[in-house]
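Take a look at the structure set out below.
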Amino acid sequence: MLDRKVAPPVQPLASVTLPAADVFSLPNGARLHILRNDAQPVIRLQAVFRAGKWYEPGAGISLLTTRMLLEGTRTRSARQIADEVAFYGASLECEQGFDRATLTLYCLSRHLEKLLPLFLDVIAEPTFPELELGQLKARTIQNVRIERQKTSYLAAEQFSRNLYGPSYPYGIVFDEKSFGEVSAHELREFHSRTYQLTTAEIFLCGDIAPSHEQLLQQTLGATALQKPVYIAPHSIAAVSEPAIDYVTVPGSLQSSLRIGRLWPSSNHPDTHQLQVLVKVLGGYFGSRLMKNIREDKGLTYGIYSSIGPREHGTSFVIGSDVNANSADAAIKEVHHELRLLQQELIPADELQTVKNYMTGKFANELSTVFEQCDKYKSIVFFDLPSTFYSDFLSQISNVDASTLRNLAQEYFSPEQMIEVVSGPNK
Numbered sequence: 001m002l003d004r005k006v007a008p009p010v011q012p013l014a015s016v017t018l019p020a021a022d023v024f025s026l027p028n029g030a031r032l033h034i035l036r037n038d039a040q041p042v043i044r045l046q047a048v049f050r051a052g053k054w055y056e057p058g059a060g061i062s063l064l065t066t067r068m069l070l071e072g073t074r075t076r077s078a079r080q081i082a083d084e085v086a087f088y089g090a091s092l093e094c095e096q097g098f099d100r101a102t103l104t105l106y107c108l109s110r111h112l113e114k115l116l117p118l119f120l121d122v123i124a125e126p127t128f129p130e131l132e133l134g135q136l137k138a139r140t141i142q143n144v145r146i147e148r149q150k151t152s153y154l155a156a157e158q159f160s161r162n163l164y165g166p167s168y169p170y171g172i173v174f175d176e177k178s179f180g181e182v183s184a185h186e187l188r189e190f191h192s193r194t195y196q197l198t199t200a201e202i203f204l205c206g207d208i209a210p211s212h213e214q215l216l217q218q219t220l221g222a223t224a225l226q227k228p229v230y231i232a233p234h235s236i237a238a239v240s241e242p243a244i245d246y247v248t249v250p251g252s253l254q255s256s257l258r259i260g261r262l263w264p265s266s267n268h269p270d271t272h273q274l275q276v277l278v279k280v281l282g283g284y285f286g287s288r289l290m291k292n293i294r295e296d297k298g299l300t301y302g303i304y305s306s307i308g309p310r311e312h313g314t315s316f317v318i319g320s321d322v323n324a325n326s327a328d329a330a331i332k333e334v335h336h337e338l339r340l341l342q343q344e345l346i347p348a349d350e351l352q353t354v355k356n357y358m359t360g361k362f363a364n365e366l367s368t369v370f371e372q373c374d375k376y377k378s379i380v381f382f383d384l385p386s387t388f389y390s391d392f393l394s395q396i397s398n399v400d401a402s403t404l405r406n407l408a409q410e411y412f413s414p415e416q417m418i419e420v421v422s423g424p425n426k
């Protein structure tokens, strides 16, 4: 009979090998990355451009440009785009990030040929109609007004501003007035500079036939260069705002905390071991912050610590929402846990639990070809070695408590942290 009081044995994940990507240079200079897997007759096609917040000449331009791509082209209205995508049971999405912007098509592999002209049309021929632009700006402004009634949004916004500096692309906060003044002309100019297939990274994964590669060469690979891509002249700088800050939200019953600092990039030699340290602190449900501040003290429903990798500046952040009267107590306990990791060795059983969690979660994140492609994209965009993920497994498996304590002493000093609290009048 199965004894449910005894946990099943844990099998170590010895190694991992991502599927090899075939990389081609298209006739126009774009790079095409192909990951093949015929387990299901589906395909994901992504065109990724250097058109995120980092590259915009004015606040809000990259966001509006991305969201307007599906609002109409020279040959199709927004309704026609939506109807054509729906007819083939496909999905077409536009996403803007801090560094890049992505157009993503999901479809059955047999429908790619039918949908590729639409995909290219959305990239190359958007019209940025004035009516739809005005409606989008109004909706976005209204949404931000609603979000800014939440302490969590205000704490995260101020934390980024203080961490990177108010003029750094990652630290610029939403300005309603300037956002409302962005014109369709500015979007067209930004689009012509950044949404060029000649400089795009194109990722095709799934059930790929030889004809699909030829098809992409004939369509996405045929466009010509127009203008040089706009590169924002920024470099990472020291924090220029207070190390401790408070954002007042009159009448709020809760406070939101954000505590963190600038962090080593994914290329840093300690990056994998630092991930273990962050997981121990607050990276999973059984972490130290959760056990102390949620389970023992009852100060919050949840608290986390995480690393936010970006191409031009990585961050470490601890975040939580607490009762307004408990904010100081919660911060005190966060400091206590940081110092404890600097002073004491992590017990062997706790460290092994975290290692098992990290390797199991990593294996689960490779269950589909789309997830495998996402890992591969990180290698491309962060310029990581091809052995990055096998090194990840090896290093987290072999890291010891003494090494983690040394890293905590270097990176976890409370005095080095930016602290932001958003809540009611003090």
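According to the UniProt record's numbering, the sequence shown is numbered sequentially starting from 1.
Note that CB positions come from ideal geometry on N, CA and C, so glycine has one too.
None of the values given here were measured: they were computed from a predicted structure.
Query	Result
Give a yes or no on contact between the stretch 321-337 and the stretch 353-369, applying the rule of three or more CB pairs nearer than 8 Å.	no
If you scan the stretch 179-215 from start to end, which runs of the alpha helix (DSSP H) of 4 or more residues do you find wholly inside it?	184-194
Measure how close the beta-carbons of Lys-375 and Leu-366 come, nearest whole angstrom, since I'm counting them as under 8 Å.	7 Å
Can you name the start and end residues of the alpha helix (DSSP H) that Ala-39 belongs to?	Neither: Ala-39 is in no alpha helix (DSSP H) and is coded neither H nor E.
Quick one: using the 10 Å Cβ neighbour count with 16 as the cut-off for buried, is Glu-201 buried or exposed?	buried
The alpha helix (DSSP H) spanning Ser-397 covers which residue range?	388-398
Output needed for Gln-395: all residues of its chain with C-beta closer than 8 Å, excluding positions within five of it in sequence on either side, in chain order.	His-272 and Gln-273
With C-beta atoms as the reference, is Glu-132 less than 8 Å away from Ala-78?	yes
Touching or not, the stretch 55-66 and the stretch 176-183, by the rule of three or more beta carbon pairs under 8 Å?	yes
Could you give the uninterrupted runs of the alpha helix (DSSP H) lying entirely in the stretch 251-293, keeping only those of 4 residues or more?	271-282
Take Thr-151 and list the residues in its own chain whose beta-carbon comes closer than 8 Å to its own, dropping the five residues that flank it on each side.	Val-247, Val-249, Ser-252, Gln-254, Ser-255, Ser-256, Asp-321, Ser-422 and Gly-423
Using only the alpha-carbon positions, how far apart do Gln-149 and Ala-324 sit?	15 Å
What runs of the alpha helix (DSSP H), each 4 residues or longer, lie entirely inside the UniProt domain "Peptidase M16 N-terminal" (39-142)?	61-68, 78-87 and 112-124
If you reduce the DSSP assignment to three classes, tell me which class Ile-146 lands in.	helix
What is the DSSP secondary structure of Tyr-168, reduced to helix, strand or coil?	coil
Report yes or no: do three or more beta-carbon pairs, one from the stretch 340-350 and one from the stretch 396-416, lie closer than 8 Å?	yes
Have a look at the DSSP bridge pairing and note the partners of Phe-316.	Arg-261 and Ile-307
Leaving out five residues before and five after Arg-44 in sequence, what residues of the same chain have Cβ atoms less than 6 Å from its Cβ?	Tyr-106, Cys-205, Gly-206 and Phe-370
Compare the beta carbon distance of Val-122 and Leu-70 with 8 Å and say whether it is the shorter of the two.	yes
Using DSSP bridges, identify the partner residues of Arg-31.	Ser-25 and Glu-201
Alpha helix (DSSP H) containing Gly-360: first to last residue?	348-364
If you draw a straight line from the C-alpha of Phe-285 to the C-alpha of Gly-302, how long is it?	9 Å
Note the first and the last residue of the continuous alpha helix (DSSP H) segment covering Val-334.	327-343
So the alpha helix (DSSP H) Thr-403 belongs to, where does it begin and stop?	401-411
Spatial neighbours of Thr-353 within its chain, please: C-beta separation below 8 Å, excluding the five flanking residues on both sides.	Gly-286
If you compare alpha carbons, which of Glu-125, Ala-155, Ser-178 and Ile-208 is closest to Tyr-195?	Glu-125
From which residue to which residue does the beta strand (DSSP E) around Ser-378 run?	Per DSSP, Ser-378 belongs to no beta strand (DSSP E); it is in the alpha helix (DSSP H), 369-381.
Is it right to say Ser-25 is buried, meaning 16 or more other beta carbons lie within 10 angstroms of its own, or is it exposed?	exposed
Counting only the same chain and skipping the five closest in sequence on each side, list residues whose C-beta sits under 7 Å from that of Asp-270.	Pro-264 and Leu-407
From the DSSP output, read off the bridge partner residues of Asp-245.	Val-420
Out of Leu-136, Gly-282 and Ser-413, point me to the one whose CA is closest to Met-68's CA.	Leu-136
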